[in-house]
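Position 326 (the first sequence) corresponds to 329 in the working numbering; numbering is contiguous. Virtual Cβ for every residue (Gly too), placed ideally from N, Cα, C.
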Amino acid sequence: MPDPTNSEIAAALEELGDLYELDGAIIHRVVAYRNAAKAVRDASVSVSALARQGRATELPGIGATIQEKVLALADDGAIPAAVKLRARFPSGLIEVTRLPGLGPKRARRLFEELSIDSIDSLRAAAEGERIRTLKGFGPKAEESILAALADAGAGEPRARVVLHRALAVGEQLIAALREHPASERVELAGSARRMTDSVKDLDVIATASDPGALARAAAALELVEAAQIPGEAGVRLRTHTGLKIDLRIVAPEQFGNLLQHFTGSKEHNMALRDAAVRKGLHVSEYGVLDDSTGHTTKCTTEGEVYALLGLQYIEPELRENRGELEAAAAARLPELVQLGDLRGDLHSHTTASDGTASIEQMGMAAREAGYEYLAVTDHSASFGFGEDVSPLALRDQVERIRSAELDGITLLAGSEVNVLPDGSLDYPDELLTELDWVIASVHSSFRMDAEAMTGRLLRAIEHPLVDAIGHLSGRKIERRAPYAFDVERVLEAAARTGTMLEINASPDRRDINDVTARAAAAAGIPIVINCDAHRVRGFEVARYGIATARRAWLTAAEIANTRPWPEVQALRPRHRAAV
DNA sequence: GCCGTTTTCGGCCCGACTGTTTTCAGTCG
4 MPDPTNSEIA AALEELGDLY ELDGAIIHRV VAYRNAAKAV RDASVSVSAL
54 ARQGRATELP GIGATIQEKV LALADDGAIP AAVKLRARFP SGLIEVTRLP
104 GLGPKRARRL FEELSIDSID SLRAAAEGER IRTLKGFGPK AEESILAALA
154 DAGAGEPRAR VVLHRALAVG EQLIAALREH PASERVELAG SARRMTDSVK
204 DLDVIATASD PGALARAAAA LELVEAAQIP GEAGVRLRTH TGLKIDLRIV
254 APEQFGNLLQ HFTGSKEHNM ALRDAAVRKG LHVSEYGVLD DSTGHTTKCT
304 TEGEVYALLG LQYIEPELRE NRGELEAAAA ARLPELVQLG DLRGDLHSHT
354 TASDGTASIE QMGMAAREAG YEYLAVTDHS ASFGFGEDVS PLALRDQVER
404 IRSAELDGIT LLAGSEVNVL PDGSLDYPDE LLTELDWVIA SVHSSFRMDA
454 EAMTGRLLRA IEHPLVDAIG HLSGRKIERR APYAFDVERV LEAAARTGTM
504 LEINASPDRR DINDVTARAA AAAGIPIVIN CDAHRVRGFE VARYGIATAR
554 RAWLTAAEIA NTRPWPEVQA LRPRHRAAV
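Structure (structure tokens):
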């Protein structure tokens with residue numbers, strides 16, 4: 004039996020937390036399990052392996068007890084405490100606690116007093132008006148339970164929206180509000196401001212000379228399908244795309260507090276407040292209360308909030324409670340890479356494969372995006388959609404790239420070569436040696452087992468003519484999970500061979516992700532941020548690659564293509580000489 | 001269950017909302 008993966012361990016710890024909560028454990032113990040689950044999920048190394056070495060306790064929120072439980076899971080496939088509790092609480096009961104309005108306390112009473120142990124028995128009890136017989140429950144409770152059941156069964160479990168779709172609408176709304184005469188400051192908040200992969204809804208914070216007028220104007224915008232009644236405090240909107248947007252309007256003197264609060268993340272804010280309490284301060288969306296004076300300080304900017312707590316300003320992308328508070332306290336936050344730092348792009352397509360523009364058109368678009376160089380990397384021989392480039396055609400393509408006459412940008416002849424199921428590439432080495440740049444990607448046979456996929460990737464990484472691996476995990480945000488492979492072994496191999504790893508900036512990929520990118524850079528692996536552009540407007544997505552890099556704490560120095568092309572070349576092991 | 005420049009024991013974020021309440025517990029973000 005293979006060791007449990009980090010996500011399996013995290014799920015087991017979450018479940019145990021849920022079970023302890025049903026069992027009536029003090030909430031702090033339950034929270035401890037949830038914090039541990041998050042620490043496992045954020046870990047870039049195998050927590051099973053760490054636990055075997057007795058080092059899992061180095062992760063924040065994991066102590067000796069939870070390490071023991073991880074070891075039990077790894078050795079016996081189960082945690083004894085969870086087995087015992089599962090016998091007492093039917094699994095359907097945990098689903099009942101997930102319904103809005105029902106938590107562990109009320110679910111447990113339903114179980115003990117009405118034998119409700121599943122969604123089905125809950126529905127039957129509500130319909131039979133038996134729930135209102137319980138003390139503390141009334142007709143309203145029954146009604147809201149039935150409404151929650153109807154929502155859950157409506158088949159529209161409102162999936163999260165990929166970030167760029169939400170921003171496409173949100174940025175229009177913000178631009179419109181900024182133009183309104185009653186508005187003063189209008190800023191995006193929430194997870195979208197932190198540039199997460201996907202979002203549930205959007206939060207917008209504003210100050211206004213006439214709040215009511217601004218809220219009414221927002222509700223009247225063309226992109227709004229429905230709005231609740233606008234008020235002085237703001238308005239809740241739903242756009243025609245189905246996206247929910249909360250506009251909150253506040254007094255200017257509290258703008259910093261509110262923006263900080265609603266930017267989150269929840270975990271960041273909880274840790275921030277915890278640290279504040281130890282200094283005798285209490286942080287909320289209304290200000291910072293000082294225990295010793297009883298005085299609440301309001302902040303017009305977020306910088307003031309952090310400064311009051313003795314912290315450096317923390318960029319939104321870092322606010323995930325992944326060590327940013329400790330770093331800010333020590334004034335050791337990294338200077339994050341910015342969009343303007345990119346000097347070139349090393350992954351693009353033309354009409355030679357599945358792109359829509361010519362070499363020249365893509366070159367001009369890249370130049371307009373501010374790049375000094377662009378690698379043209381059409382798909383290789385076996386791409387498989389009738390868009391493949393045969394070896395002969397690639398030689399022609401190299402000629403065309405080399406002879407393209409474009410001022411102000413250097414075009415590089417490259418290819419995005421398929422990594423075949425056995426880990427070999429689908430161009431011969433003699434052909435690859437003629438190229439300036441080779442990026443290798445997996446485009447087929449995603450469902451191999453982890454061992455085989457790891458071997459496949461290792462072979463590509465170790466190939467002396469491969470400069471970088473494209474979209475390493477193969478994930479599509481909200482649509483396709485990464486394929487199974489051993490991230491640690493892959494990073495170890497890339498670090499050893501000097502093979503670069505791509506952050507593919509395409510907003511539905513953002514692959515490698517923030518957690519992996521941070522681990523890769525820490526291992527000394529050069530990262531490249533590429534747009535994978537298939538059309539002239541394809542370079543607009545660079546901001547999403549930059550966002551992932553920033554969420555990974557990366558500086559410009561850790562991104563290869565912030566350098567001029569000759570320096571990128573020098574970074575590569577290019578074993579070319581050895582071939 | 002975790003954790004420590006005020007603690008190895010005694011704490012553990014903050015405020016809003018809801019329903020069933022006569023002062024609040026449970027839930028949510």
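- Closest option to H474, judged by alpha-carbon separation, among H446, R370, L423: H446.
- The alpha-carbon of A171 is positioned some 15 angstroms away from that of G193.
- At a Cβ-Cβ threshold of 7 angstroms, L435 and L468 count as neighbours.
- In this structure, DSSP gives Y376 an extended state, which the three-state scheme calls strand.
- The continuous alpha helix (DSSP H) containing N260 extends over residues 258–266.
- About 4 angstroms separates the beta carbon of V189 from that of A209, a gap short enough to meet the 8 angstroms contact definition.
- Rounded to the nearest whole angstrom, the CA to CA distance from S51 to R241 is 44 angstroms.
- In the displayed model, L414 falls within a strand according to three-state DSSP.
- Burial check for T380: the Cβ neighbour count within 10 Å reaches 16 or more, so the residue is buried.
- In the DSSP assignment, N9 falls within the alpha helix (DSSP H) that extends over 9–25.
- In this structure, R459 is the residue among N516, R459, A471, H466 with its C-alpha nearest to the C-alpha of F488.
- One Cα belongs to R370, the other to I412, and the distance between them is close to 6 angstroms.
- At a Cβ-Cβ threshold of 7 angstroms, I119 and A129 do not count as neighbours.
- Under the DSSP assignment, S186 falls in the beta strand (DSSP E) whose first and last residues are 186–192.
- In the DSSP annotation of this structure, the continuous segment of the alpha helix (DSSP H) that includes V50 starts and ends at 50–55.
- For H352, there is no enclosing beta strand (DSSP E), as DSSP marks it with neither H nor E.
- When DSSP states are grouped into helix, strand and coil, T68 belongs to the helix group.
- Excluding five sequence positions before and after E318, the CB atoms of its chain that fall closer than 8 angstroms to its own CB belong to L336, L339, R553, given in chain order.
- One thing to note: R197 has its Cβ within 7 angstroms of the Cβ of R322.
- At a Cβ-Cβ threshold of 7 angstroms, R499 and T457 do not count as neighbours.
- Its chain contains A85 as the residues whose beta carbon lies nearer than 7 angstroms to that of E18, once the 5 sequence neighbours on both sides are disregarded; these appear in chain order.
- Take A179, set aside five residues on each side of it, and the residues of its chain with a beta-carbon closer than 7 angstroms to its own are L224, in chain order.
- Within its own chain, the residues whose Cβ lies closer than 7 angstroms to the Cβ of L494, once the five positions on either side in sequence are excluded, are A522, A523, A526, I528, listed in chain order.
- If you compare the alpha carbons of A384, A407, I404 with that of S427, the shortest gap goes to A384.
- With at least 16 other beta carbons inside 10 angstroms of its own, A279 counts as buried.
- Excluding sequence positions up to five before and after F265, its CB lies within less than 8 angstroms of the CB of A192, G193, D206, I208, R251, E288, all in the same chain and listed in chain order.
- Boundaries of the alpha helix (DSSP H) around M456: 453–465.
- A straight line joining the alpha-carbon of I122 with that of R112 spans about 15 angstroms.
- Shown here, R512 sits in coil according to DSSP, grouped into three states, outside any helix or strand.
- Shown here, H167 sits in a helix according to DSSP, grouped into three states.
- Per DSSP, reduced to three states, the secondary structure at H31 is helical.
- Beta-carbon to beta-carbon, I530 and E481 are separated by about 24 angstroms, too far to satisfy the 8 angstroms threshold.
- Straight through space, the alpha carbons of L292 and S10 are spaced by roughly 39 angstroms.
- Shown here, G290 sits in a strand according to DSSP, grouped into three states.
- Between the alpha carbons of E146 and I134 lies a gap of roughly 10 angstroms.
- CA-to-CA, the gap between H352 and D439 works out to about 15 angstroms.
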